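Engineer:
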Amino acid sequence: MENSLFLREPHNMWFTLTNVDTAFAEYISMRRKNMEDCPQVFGKVTVFVAYTGSSRKEMYDVAQRTLQCYLKSTNYTLVLVDLDTDPLVQKRCQKHQVIYYKKHCAATLYLPKTEWLLVLDADTGVVNPNHCIEEWIDDRVSVIMYERFFNWEIMAANYLVRNTPFGNEFLRKWAEQEFKQPSSWHGYDQGGLMMLLLELLIPDAVKEYEICNEYWRKATNYETYMATVICVRLALGATTVWPDKIRIYRKAEAFARDGWISIEQWSEDDFMIHGWKKNSIEEWDSPFKKEIDLSLCGQNLRAWHWQENKKLQPVDMR
Numbered sequence: 078m079e080n081s082l083f084l085r086e087p088h089n090m091w092f093t094l095t096n097v098d099t100a101f102a103e104y105i106s107m108r109r110k111n112m113e114d115c116p117q118v119f120g121k122v123t124v125f126v127a128y129t130g131s132s133r134k135e136m137y138d139v140a141q142r143t144l145q146c147y148l149k150s151t152n153y154t155l156v157l158v159d160l161d162t163d164p165l166v167q168k169r170c171q172k173h174q175v176i177y178y179k180k181h182c183a184a185t186l187y188l189p190k191t192e193w194l195l196v197l198d199a200d201t202g203v204v205n206p207n208h209c210i211e212e213w214i215d216d217r218v219s220v221i222m223y224e225r226f227f228n229w230e231i232m233a234a235n236y237l238v239r240n241t242p243f244g245n246e247f248l249r250k251w252a253e254q255e256f257k258q259p260s261s262w263h264g265y266d267q268g269g270l271m272m273l274l275l276e277l278l279i280p281d282a283v284k285e286y287e288i289c290n291e292y293w294r295k296a297t298n299y300e301t302y303m304a305t306v307i308c309v310r311l312a313l314g315a316t317t318v319w320p321d322k323i324r325i326y327r328k329a330e331a332f333a334r335d336g337w338i339s340i341e342q343w344s345e346d347d348f349m350i351h352g353w354k355k356n357s358i359e360e361w362d363s364p365f366k367k368e369i370d371l372s373l374c375g376q377n378l379r380a381w382h383w384q385e386n387k388k389l390q391p392v393d394m395r
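Using this note's numbering, the first residue of the sequence shown is number 78, and each one after it goes up by one.
1. Counting pairs of Cβ atoms below 8 Å between the region 231–243 and the region 193–211, do you hit three or more?
2. What would DSSP say about residue 88, mapped onto helix, strand or coil?
3. So, is residue 179 buried or exposed, given that buried needs 16 or more other C-beta atoms within 10 angstroms?
4. Counting only runs that start and end within the region 201–254, where is the beta strand (DSSP E) found for 3 or more residues in a row?
5. If we ignore side chains and look at the alpha-carbon of each, how far apart do residue 54 and residue 346 end up?
6. Alpha carbon to alpha carbon, what distance is there between residue 217 and residue 359?
7. With H, G and I counted as helix, E and B as strand and the rest as coil, what does DSSP make of residue 127?
8. Look at the Cβ atom of residue 224, then the Cβ atom of residue 286, and state whether they are nearer than 8 Å.
9. Tell me whether the region 198–216 and the region 162–170 touch, counting them as touching only if at least three CB pairs, one residue from each stretch, are closer than 8 Å.
10. Would DSSP call residue 137 helix, strand or coil?
11. Just confirm the distance between the C-beta atoms of residue 229 and residue 306, as a whole number of angstroms; I'd bet it's less than 8 Å.
12. Per DSSP, residue 365 is paired with what?
13. My output table needs one value for residue 326: the three-state DSSP class, helix, strand or coil.
14. When burial is assigned at 16 or more other CB atoms within 10 Å of the CB, is residue 147 buried or exposed?
15. Once you ignore the five residues that flank residue 278 on each side, which residues in its own chain have a CB closer than 7 Å to its CB?
16. Determine the burial state of residue 134: buried for a count of at least 16 other Cβ atoms within 10 Å of its Cβ, exposed for fewer.
17. Thinking just about the alpha-carbon of each residue, which of 380, 213, 253, 262 is nearest to the one in residue 239?
18. Taking residue 57 as the reference, which of 361, 177, 121, 127 has the closest Cα?
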């Protein structure tokens, strides 16, 4: 995300199965096969994409066409929000000047209309439609995030949030981080997210928060900012699930990832790719050999044409 916007087996099996909701227990090992229906076992799922002005058509056409094609095979609801003109956003989020935080504020306005909200940057597209969003929903928690491949940040661009008191509180507090970030090299909502995770997940870690916050305020470039990220990750430790709060997927296990890290190669385990700021597949070495034809989209793969050399086995991607 630049100037304009844009279920695997759990790791921590320290809980008992009786503590898991029935829907999660039934779906925990399921995965979409042959573009079959995506059962709404977790209630209504809405896909939320934020952008500004004409950027959706000028910068993100490839990503958005893949998303639209995928959604034609599902019953998910799509919400496209222009952060510059959306009436609700203009009324309730006008104090936000940083577009990244304005996006999270906007998400708080649409969350009450659904059970789960998949929030995406506009440059996030679908590389493999043979997945359901429910594969990554864990109803023990209210927020689902993932690690980035190339560093230790928790990704700010794409996440799942549930319409619960904690889910709503999380989005509100994240948006408010705009007014807490230092004037130094802060990493925008990435830095704000790291500090918020520490605050919400380990509220008693006062000393650790002070130390990490000091790193954040003294950062002068990417390298010194990474001290903040590492500080927070050390405090959080190896835990990936905080019941009723947040789950963080490990690298290579989430619903999305950055595409450049694999030179746009992908495997069956992949679902969405972040970073497609192009209007045509001819503008870069994309995974596709033909443009998506929306008239062919549905519960089939007729619109999807991949380059053979871009598909790898899951083990090779890891």
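Glycine is no exception: its CB is placed at the ideal position from the N, C-alpha and C atoms. Computed from a predicted model, the values in this text were never measured in an experiment.
Structural biologist: So, to answer that:
1. yes
2. Position 11 of the sequence shown, counted from the start, is the residue given in the question as residue 88. With a pLDDT of 33 at residue 88, under the threshold of 50, the predicted position of this residue should be treated as unreliable, though the coordinate-derived value follows. Coil.
3. Taking the first residue of the sequence shown as position 1, residue 179 is located at position 102. Flag for residue 179 reads buried.
4. 201–203, 220–223, 236–239
5. The displayed coordinates of the chain run from 78 to 395. Any statement about residue 54 would go beyond what the structure contains.
6. Taking the sequence shown and counting its residues from 1, the one referred to as residue 359 is at position 282. Taking the sequence shown and counting its residues from 1, the one referred to as residue 217 is at position 140. For residue 359 and residue 217, the distance between alpha carbons rounds to 42 Å.
7. The sequence position of residue 127 within the sequence shown is 50, counting from 1. If DSSP states are grouped into helix, strand and coil, residue 127 belongs with the strands.
8. The count along the sequence shown starts at 1 and reaches residue 224 at position 147. The count along the sequence shown starts at 1 and reaches residue 286 at position 209. No, they are not a contact pair.
9. Pairwise C-beta distances place the region 198–216 out of contact with the region 162–170, as fewer than three of them are shorter than 8 Å.
10. Translated into the one-based positions of the sequence shown, residue 137 becomes position 60. It is coil, neither helix nor strand.
11. As a working note, residue 229 is residue 152 in the sequence shown. As a working note, residue 306 is residue 229 in the sequence shown. Yes, they are in contact, since the Cβ atoms of residue 229 and residue 306 sit about 5 Å apart, within 8 Å.
12. Here residue 365 refers to the residue found at position 288 when the sequence shown is read from its first residue. Looking at the DSSP assignment, residue 365 forms a beta bridge with 383.
13. For this step, residue 326 is matched to residue 249 along the sequence shown. In the structure shown, residue 326 sits in a strand (DSSP, three-state: E or B).
14. Here residue 147 is taken as the residue at index 70 of the sequence shown, counted from 1. With 16 or more Cβ atoms within 10 Å of its Cβ, residue 147 is classed as buried.
15. Position 201 of the sequence shown, counted from the start, is the residue given in the question as residue 278. Closer than 7 Å at Cβ, skipping near neighbours: 313, 319, 322, 323.
16. Locating residue 134 in the sequence shown gives position 57, counting from the first residue. Burial state of residue 134 is exposed, judged by a 10 Å Cβ sphere holding fewer than 16 other Cβ atoms.
17. Your numbering for residue 239 matches position 162 in the sequence shown. It is 213.
18. Residue 57 cannot be examined here, being either before or after the span of the chain that is shown, 78 to 395.
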